[in-house]
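Residue numbers (our numbering): 21 to 275.
Okay, structure first, notes after.
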């Protein structure tokens with residue numbers, strides 16, 4: 021059994037990965053959006069020219085010298101770079117519309133350190149999108165277990181979009197568990213299990229973990245982030261079934 025949520029960071033297997041923007045024709049402000057999203061992260065962004073027109077405004081994820089994923093710049097703009105996180109809170113983006121481009125999906129197990137608002141308007145956005153993608157995967161599967169922490173349970177009611185998502189996921193047949201500080205009375209009408217407390221995991225963790233039923237095929241996916249400094253988060257996401265399963269088990273047994 022892991023010693024703490026923090027100990028899972030020691031198991032990350034991230035290799036050398038970076039993004040290459042090919043044949044850019046988009047204006048500098050678009051490039052700046054990508055730079056600001058990844059500023060200070062262990063993922064660099066560079067530009068190259070290619071002889072192929074098929075590479076125009078394409079972003080490639082390069083791992084140990086090989087291209088492992090490709091996404092168009094438009095895909096990045098539509099799903100992440102031009103998105104305001106308030107759209108998720110208000111329900112302005114439907115759960116079925118949430119997508120994670122292949123080059124961002126391929127940054128699994130890369131340790132990110134991000135700042136929230138007002139220090140940064142963009143740094144947390146990628147983790148927010150990953151969280152919604154996990155919730156969408158759970159809703160589409162319609163079985164298994166989803167565990168999610170909110171720090172303040174009141175956020176589920178305060179954010180219409182978040183409540184709508186959890187009503188849908190819980191109503192799909194997924195065993196949903198939510199964790200946080202505060203009163204849970206307002207959540208009594210939702211078909212989910214509420215865990216309350218005041219210890220470190222309740223106050224300082226942000227996780228969204230989905231595991232399909234034992235023995236069933238399906239995506240295992242987890243996001244784990246910890247706020248060890250005020251408004252500063254260390255986080256990562258993973259699709260590794262063995263690691264996701266152990267994170268889920270630790271939360272179930274120790275939090």
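In this text, a Cβ means the ideal position worked out from N, Cα and C, and glycines have one as well.
Predicted model, so just to flag it, every value in this text is computed and none were measured.
Are residue i and residue j touching if we call contact CB-CB under 8 Å?
i, j, result
"residue 79", "residue 91", "yes"
"residue 197", "residue 167", "yes"
"residue 132", "residue 61", "yes"
"residue 37", "residue 118", "no"
"residue 250", "residue 25", "no"
"residue 200", "residue 219", "no"
"residue 228", "residue 155", "yes"
"residue 77", "residue 46", "yes"
"residue 31", "residue 210", "no"
What does a CB cutoff of less than 6 Å around residue i pick up in its chain, not counting 5 residues either side in sequence?
i, result
"residue 253", "134, 245, 247"
"residue 143", "134, 135"
"residue 109", "179, 181"
"residue 64", "38"
"residue 53", "101"
"residue 276", "Because the chain here runs from 21 to 275, residue 276 falls outside it and cannot be looked at."
Using only alpha-carbon positions, find the residue among the options that is nearest to residue i.
i, options, result
"residue 258", "21, 27, 33", "33"
"residue 234", "164, 21, 160", "164"
"residue 88", "132, 35, 143, 145", "35"
"residue 271", "209, 242, 81, 193", "242"
"residue 146", "126, 161, 162", "126"
"residue 85", "39, 212, 228, 24", "39"
"residue 185", "268, 23, 115", "115"
"residue 261", "128, 226, 139", "128"
"residue 206", "263, 227, 183, 264", "183"
"residue 68", "274, 42, 56, 83", "42"
"residue 29", "273, 275, 274, 266", "266"
"residue 176", "137, 111, 141, 236", "111"
"residue 56", "273, 275, 140", "140"
"residue 124", "137, 48, 83, 104", "83"
Just confirm the distance between the C-beta atoms of residue i and residue j, as a whole number of angstroms; I'd bet it's less than 8 Å.
i, j, result
"residue 10", "residue 189", "Only positions 21 to 275 of the chain appear in this structure, which leaves residue 10 out of reach."
"residue 96", "residue 121", "5 Å"
"residue 157", "residue 239", "5 Å"
"residue 50", "residue 81", "At roughly 18 Å, the Cβ-Cβ gap does not stay under 8 Å, so residue 50 and residue 81 are not in contact."
Which residue comes first and which comes last in the beta strand (DSSP E) that contains residue i?
i, result
"residue 59", "Taken as a continuous stretch (DSSP letters only), residue 59 belongs to no beta strand (DSSP E), as it is neither H nor E."
"residue 37", "37-42"
"residue 172", "165-172"
"residue 100", "Careful: residue 100 lies outside any beta strand (DSSP E) and carries neither H nor E."
"residue 231", "225-231"
"residue 245", "241-249"
"residue 7", "Only positions 21 to 275 of the chain appear in this structure, which leaves residue 7 out of reach."
"residue 199", "195-201"
"residue 133", "132-135"
"residue 214", "213-216"
Quick one: residues in its chain with C-beta nearer than 8 Å to the C-beta of residue i, no 5 flanking neighbours on either side, listed in chain order?
i, result
"residue 202", "172, 173, 174, 216"
"residue 212", "186, 190, 196, 197, 198"
"residue 193", "162, 163"
"residue 232", "161, 163, 164, 238, 239, 240"
"residue 106", "112"
So the alpha helix (DSSP H) residue i belongs to, where does it begin and stop?
i, result
"residue 124", "122-125"
"residue 74", "No alpha helix (DSSP H) holds residue 74; DSSP gives it neither H nor E."
"residue 91", "Premise fails: residue 91 lies in the beta strand (DSSP E), 86-92, not in any alpha helix (DSSP H)."
"residue 81", "Run containing residue 81: none in the alpha helix (DSSP H); it sits in the beta strand (DSSP E), 78-83."
"residue 185", "180-191"
"residue 265", "261-274"
"residue 156", "145-161"
"residue 25", "Premise fails: residue 25 is in no alpha helix (DSSP H) and is neither H nor E."
"residue 107", "106-110"
Apart from the five residues on each side of it in sequence, which residues of its chain come closer than 7 Å, Cβ to Cβ, to residue i?
i, result
"residue 70", "42, 43"
"residue 22", "28, 266, 270"
"residue 208", "none"
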